[in-house]
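So the protein lines, in turn, are chains C and D. The first sequence begins at 1 in the working numbering and counts up one residue at a time. The second sequence begins at 115 in the working numbering and counts up one residue at a time. Yeah, the Cβ is synthetic: ideal placement off N, Cα and C, and Gly gets one too. Quick notes on the structure that follows.
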Amino acid sequence: MTSETASKILRTVPREKAFYFFTSIGNYTGVSASSLKEFVERINDVNVKSLEFHLYRGDFEKWIAEVLQDAELSGEVKRLQRFNFTGDTLRNQLGTTVSRRLKRLTSQLGPTRV
Amino acid sequence: MEGARGTLKLKNNALSLDVTDVEILRALQEDSRQTYMAIGKRLGIAHSTVYERIKKMEKQEVIKRYTAVIDAEKIGARNITALMSVYTDPKETEKVAERLAKSPEVLELYACLSEELLIMAKVFAASQDSLHAFIANSVAPLPGVLRIRTSIVTKKFKETQFLISNDSKGVHL
């Protein structure tokens, strides 16, 4: 993977493309994420019902693929559905999967220019 | 013709209606397709009086429009009606409401004062998925929206418009 690709996946997207966390149809928690980094942070503190709602609707994999354009992470998140995780187990598994990918992408960026 | 019973007058920027005007409006609210003759007969006045007063109230936009009330269930529509409460930053409430008012999915829209200022809207969608897509893509991203609570209507027990009445205290619900 090139640093350009990693940079693209890690970018901050405009407000209208952000991920908005709901707990059920039409019930918005007030929590959103505009980048992969923010997404990891939100996974740790959003109502776990929201994680269950979006994972099993396929909303996470869709946003990661279509907005962040990270097909690899999208596939990994989709695979989590098979295990029927709920509650904090789901939070931990999803958090680990996305954090690992974030770390890998960040390491692709190369040295930070000052 | 308008003399003793009075006519449409401006009072504190509101149009003042007399008893006959109000009775005509009530008759129209019950059935706006009835003839001037039928209304006149019911109220004991000439059909020409009914005609003139209706035309005047249309001109003054007291009568805004005539419409058909459709029973969506009878035409097989499987649509969803939901009541949505949008909690906003008070500084942004007006702008959020203005944006929502432009959405065809929003049938009715109100700013309300509860424990905190919020916007309430009656929303119409083809399915639960399209309702969610509308709220996720067009409501949640609006600047100033703090959180949203939505209830899907499962059964309608009553839906009507207010009927006006008139007594010594004036025109009221």
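Tell me the rounded alpha-carbon separation between residue i and residue j.
i                      : j                      : result
residue 14 of chain C  : residue 34 of chain C  : 7 Å
residue 223 of chain D : residue 180 of chain D : 21 Å
residue 78 of chain C  : residue 251 of chain D : 22 Å
residue 210 of chain D : residue 225 of chain D : 10 Å
residue 172 of chain D : residue 29 of chain C  : 46 Å
residue 208 of chain D : residue 233 of chain D : 9 Å
residue 165 of chain D : residue 147 of chain D : 13 Å
residue 184 of chain D : residue 54 of chain C  : 36 Å
residue 268 of chain D : residue 241 of chain D : 13 Å
residue 270 of chain D : residue 214 of chain D : 24 Å
residue 51 of chain C  : residue 194 of chain D : 25 Å
residue 243 of chain D : residue 110 of chain C : 42 Å
residue 117 of chain D : residue 156 of chain D : Summary for residue 117 of chain D: the model assigns pLDDT 41, below 50, so the residue's position carries little reliability, and this model does not support an answer.
residue 38 of chain C  : residue 76 of chain C  : 18 Å
residue 246 of chain D : residue 61 of chain C  : 17 Å
residue 134 of chain D : residue 149 of chain D : 16 Å
residue 97 of chain C  : residue 45 of chain C  : 16 Å
residue 106 of chain C : residue 212 of chain D : 41 Å
residue 91 of chain C  : residue 272 of chain D : 43 Å
When the cut-off is 8 Å and only beta carbons count, does residue i lie next to chain D?
i                      : result
residue 25 of chain C  : yes
residue 170 of chain C : Only positions 1 to 114 of chain C appear in the structure, and residue 170 of chain C is not among them; the question remains open.
residue 113 of chain C : Bear in mind that a pLDDT of 49 at residue 113 of chain C, under 50, signals an unreliable position, so the number given afterwards is only what the model happens to contain. No, its Cβ sits nowhere closer than 8 Å to a Cβ of chain D.
Within its chain, find whatever has a CB closer than 8 Å to the CB of residue i; leave out the 5 residues flanking it on each side and keep chain order.
i                      : result
residue 96 of chain D  : The structure shown does not extend to residue 96 of chain D, since chain D is modelled only from 115 through 287, so no value can be given for it.
residue 139 of chain D : 131, 171, 176, 177 and 278
residue 262 of chain D : 198, 199, 200, 201, 249, 253 and 254
Looking only at its chain, what residues have a beta carbon closer than 7 Å to the beta carbon of residue i, apart from the 5 residues adjacent to it on each side?
i                      : result
residue 11 of chain C  : 35
residue 143 of chain D : 275 and 277
residue 47 of chain C  : 23 and 29
residue 59 of chain C  : none
residue 18 of chain C  : 32, 33 and 34
Is there a Cβ of chain C sitting closer than 8 Å to that of residue i, yes or no?
i                      : result
residue 242 of chain D : yes
residue 192 of chain D : no
residue 234 of chain D : no
residue 250 of chain D : yes
residue 139 of chain D : no
residue 134 of chain D : no
residue 264 of chain D : yes
residue 278 of chain D : no
Run through chain D and tell me which residues come within less than 8 Å of residue i, C-beta to C-beta.
i                     : result
residue 15 of chain C : 255 and 257
residue 18 of chain C : 255
For a contact meaning CB atoms closer than 7 Å, what does residue i contact in chain D?
i                     : result
residue 29 of chain C : 261
Identify, in the order they occur along the chain, each residue of the same chain with its Cβ nearer than 6 Å to the Cβ of residue i, setting aside the five sequence neighbours on each side.
i                      : result
residue 108 of chain C : 1, 3 and 6
residue 73 of chain C  : 64 and 101
residue 258 of chain D : 202, 203, 206 and 210
residue 42 of chain C  : 31 and 33
Since residue i meets chain C, which of its residues come closer than 7 Å, beta carbon to beta carbon?
i                      : result
residue 247 of chain D : Per Cβ cutoff of 7 Å: no residues; residue 247 of chain D is ~10 Å from chain C at best.
Run through chain C and tell me which residues come within less than 9 Å of residue i, C-beta to C-beta.
i                      : result
residue 196 of chain D : 25 and 26
Does the distance from the C-beta atom of residue i to that of residue j stay below 8 Å?
i                      : j                      : result
residue 70 of chain C  : residue 25 of chain C  : no
residue 95 of chain C  : residue 40 of chain C  : yes
residue 264 of chain D : residue 196 of chain D : yes
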